[in-house]
Amino acid sequence: MNRETLVNALLILGLLAAPFAADAMGEPFYVTLATRIAILALAATGLNIALGLGGLVSFGHAAFFGIGGYAAGILATHAFNAEPLLFGLPGTNQMVSIWLAAVAAAGMAALLIGLISLRTSGVYFIMITLAFAQMIYYFAISWPAYGGEDGLSIYVRNAFPGTNTMRPMSFFLIAAGLLLAGLAFFALLRNSRFGAALQAGRQNEIRLAAVGIAPFRIRLVAFVLSAMMTGVAGALFADLNRFVSPSMLSWHMSGELIVLIILGGVGRLAGPLAGAIVYVLFEFALGGVTEHWQLFLGLVLLCVVLFARGGVVGLLAGRARHG
Amino acid sequence: MAEPVLEIRNLEKSFGALKATDDVSLDLRSGEIHALIGPNGAGKSTLVQQIAGSLKPDSGTILFQGRDVSGLDMAARARLGMGRTFQISSLAGEFSALRNVMLAVQASAGSSFRFFRPVMRDASLIEPAREALSRVGLSDRASVPAAELSHGERRQLEIAIALAQGARAFLLDEPMAGMGPEGSQALTRFLDTLRAQAPVLLIEHDMDAVFALADRISVLVYGRIVATGTVEEIRNDPAVREAYLGEGA
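Line by line, the protein sequences give chains X and Y.
When we follow the UniProt record's numbering, the leftmost residue of the first sequence carries the number 1, and every step to the right adds one.
When we follow the UniProt record's numbering, the leftmost residue of the second sequence carries the number 1, and every step to the right adds one.
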């Protein structure tokens, strides 16, 4: 087993073990904290496909996170009020159906945004993805049917067959299960033919084109897959808080996802998880002491960028090897 | 005579007032090495870029295997069989030499939208890639990241990539540049065998290599082709001697 595999295993085991310990000690709050870590890690793992493997610095992934969140909120509201949604279709309070809807909605949005924004690169790509996300953000604010600026409450957490999702431990296991599936998907993708083309495009897009692979199509598919995973995380996040608001769509959220990846390690399998652990623990430990806790996070981020480019995973496991 | 593999007709490209490519027509026939020579700034690389599809000509046509490829991008032309090497090596630096070649094998198989099977356990990619590396003599450097290879090895790797693409024509942009005398000689011997596989358009400064290898030579001066002919004809062409080889050469 190489060092990175060991680091990955420890991070995942740590995330899985902590809530059991907290639950045994009767501290459900810590279970919720671990759930938050798992969901943010899943959202950032989605972004890691575009940003880490493809080098596509999307500053608009909050759009997909928020779209997933609103998919959950809107479907749940319609199910709760027993009002049909569209063309007589009912809402639903089943998580699995909601996830599928979140994946479809985020994927569609990413296809449209990607078709336009992937024609640019570098700082233009960053700005155009930001612009699209902000458009959706302002749309959500001005859409009174689903709460507008005030957001949308989900009165009862959505259901998953065979378990009571209101129990913190049950919901944690659902979120952790999806995170593990997301990490497995990322690992398979990275080592596949598609992953090879995507990563080659990040390193040198002229080389990719010169062997006969058009970078645009590879990147578009990667962008859509990336958005789908972040969309599922958004649906979970809505269920965690039982609340969706336009803030899930704001550029702060996009920035937060990028920060998680940089903290943890860009393009590394467990980078987003490591980043989410550091971020949420920081927020928890310092957030109670000072509302300016992000100042200290900024200092940590500065140190990572200056002295530890590989993030937490790079620090613990050394440089990435590509075989 | 068979139809040429690559045929360029009346190509024009200007940058402002500078005519980088001035009514260039040339062809590449099956089985030959056609060398393109010319002094610095003659527009050789500009011409290669237009042929490969990374630069759009102002006018003119490019026929590849009888098909007009003028409207196709670089990736589409590569899929049709243009195997290009760069004046300054262009590789996926983090990937090993082997993975760089595997990418070309995967591209020629047209199978980049496979999401799950790990490439490093895929013999249908690894075997042809190893074969191409061994043909250029890089077998023992297969696992070294491309960025850590020496200058000469990177040039060999680019040729291995073009081989693995199953190129129908090779566009080699100064493959000898920056190589020592031994490296140049070894590469000359290798290129000599390459024309049996597919014709080579060779842009090169190294005159020894050009005279040793070329079936035909075209001389480019200020964007214009001033002469095309066999090695003997070019050696004895007064216009060429004046423009390029220098008086008394």
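In this text, a Cβ means the ideal position worked out from N, Cα and C, and glycines have one as well.
Computed from a predicted model, the values in this text were never measured in an experiment.
Check	Outcome
Under the DSSP definition of a beta bridge, which residues are partnered with histidine 34 of chain Y?	Y/Leu201 and Y/Arg216
Please classify asparagine 10 of chain Y: does DSSP put it in a helix, a strand, or coil?	strand
Can you have a look at threonine 163 of chain X and say buried or exposed, based on whether 16 or more other CB atoms are within 10 angstroms of its CB?	exposed
Which term fits phenylalanine 87 of chain X, buried or exposed, when burial requires 16 or more other beta carbons within 10 angstroms of its beta carbon?	exposed
Going by beta carbon distance, what residues of the same chain come within less than 7 Å of alanine 50 of chain X, once the five residues before and after it are set aside?	Leu56, Ser58, Ala222, Phe223 and Ser226
Whose C-beta lies closer than 6 Å to the C-beta of glycine 46 of chain X among residues of the same chain, with five residues either side of it excluded?	Ser226, Met229 and Thr230
Tell me, which residues are paired with alanine 159 of chain X by DSSP?	X/Gln94
Would DSSP call methionine 82 of chain Y helix, strand or coil?	strand
Pull up the CB-CB distance for glutamine 87 of chain Y and serine 150 of chain Y, whole angstroms please, since I reckon it's below 8 Å.	Actually they do not touch by this definition, with Cβ atoms about 17 Å apart.
Using DSSP with H/G/I as helix, E/B as strand and the rest coil, what is glycine 248 of chain Y?	Model confidence at glycine 248 of chain Y stands at a pLDDT of 45, short of 50, so the residue's coordinates are unreliable and nothing is read from them.
Return helix, strand or coil for alanine 9 of chain X, following the three-state DSSP convention.	helix
According to DSSP, what are the bridge partners of valine 221 of chain Y?	Y/Arg224
Chain Y partners of serine 221 of chain X, CB-CB under 8 Å?	A small fix is needed here, since residue 221 of chain X is valine in this sequence, not serine. Those within 8 Å of valine 221 of chain X in chain Y are Phe113.
Could you tell me the distance, in whole angstroms, from the CA atom of alanine 213 of chain Y to the CA atom of arginine 235 of chain Y?	According to the sequence shown, residue 213 of chain Y is leucine rather than alanine. About 14 Å.
Hey, quick one: how far does the alpha helix (DSSP H) through alanine 104 of chain Y stretch, first residue to last?	97-108
Select from the stretch 190-218 of chain X all residues with a C-beta closer than 7 Å to any C-beta belonging to chain Y, and list them in chain order.	Asn191, Ser192, Arg193, Phe194, Ala196, Ala197, Ala200, Gln203, Asn204, Ile206, Arg207, Ala209, Ala210, Val211, Gly212, Ile213, Ala214 and Ile218
Determine the contact status of isoleucine 67 of chain X and glycine 234 of chain X, defining contact as a CB-CB distance below 9 Å.	yes
Among the candidates Y/Glu94, Y/Phe64 and Y/Val240, whose CA atom is the shortest distance from the CA of glycine 81 of chain Y?	Y/Phe64
Any idea if tyrosine 155 of chain X is buried or exposed, counting beta-carbon neighbours within 10 angstroms, 16 or more meaning buried?	exposed
Starting from glutamine 19 of chain Y and walking both ways along the beta strand (DSSP E), at which residues does that stretch end?	According to the sequence provided, residue 19 of chain Y is lysine. The question's glutamine does not apply to it. Unbroken beta strand (DSSP E) run through lysine 19 of chain Y: 18-28.
Excluding the five sequence neighbours on either side, which residues of its own chain have a C-beta within less than 7 Å of the C-beta of alanine 34 of chain X, listed in chain order?	Leu15, Ala18, Pro19 and Phe172
Could you tell me the boundaries of the alpha helix (DSSP H) in which threonine 61 of chain Y lies?	Looking at the DSSP string, threonine 61 of chain Y is not in any alpha helix (DSSP H); the run it does join, the beta strand (DSSP E), is 59-64.
Run down chain X in chain order and give the residues with a C-beta less than 8 Å from the C-beta of aspartate 173 of chain Y.	Per Cβ cutoff of 8 Å: no residues; aspartate 173 of chain Y is ~11 Å from chain X at best.
Express the C-alpha separation of glycine 311 of chain X and glycine 271 of chain X in angstroms, rounding to a whole number.	7 Å
For proline 118 of chain Y, would you say it is in contact with chain X, using Cβ-to-Cβ distances shorter than 9 Å as the test?	yes
I need the straight-line Cα distance from phenylalanine 237 of chain X to tyrosine 146 of chain X, nearest angstrom please.	17 Å
If contact is defined by three or more beta carbon pairs under 8 Å, each pair taking one atom from either stretch, is the stretch 296-303 of chain X in contact with the stretch 162-173 of chain Y?	no
Return no unless some Cβ of chain X is closer than 9 Å to the Cβ of glycine 183 of chain Y.	no
Could you check what DSSP says for phenylalanine 87 of chain X in three-state terms: helix, strand or coil?	coil
Check for me: the beta strand (DSSP E) holding phenylalanine 170 of chain Y runs from which residue to which?	169-173
Closest to glycine 52 of chain X by CA distance: which of X/Met25, X/Gly69, X/Phe296 and X/Ala196 is it?	X/Ala196
Using a C-beta to C-beta distance shorter than 9 Å, which residues of chain X count as neighbours of phenylalanine 95 of chain Y?	Ala196, Gln199, Ala200, Gln203, His322 and Gly323
Taking the alpha-carbon of glycine 314 of chain X as reference, which of X/Gly91, X/Ile174, X/Ala274 and X/Gln134 has the nearest alpha-carbon?	X/Ala274
Taking all protein chains shown into account, decide if glutamate 182 of chain Y is buried (16 or more other Cβ within 10 angstroms of its Cβ) or exposed.	exposed
Leucine 188 of chain X touches chain Y at which residues, Cβ-Cβ below 8 Å?	Phe115, Phe116 and Pro118
Quickly, what does DSSP pair proline 128 of chain Y with across the bridge? List them, please.	Proline 128 of chain Y pairs with nothing; no bridge assigned.
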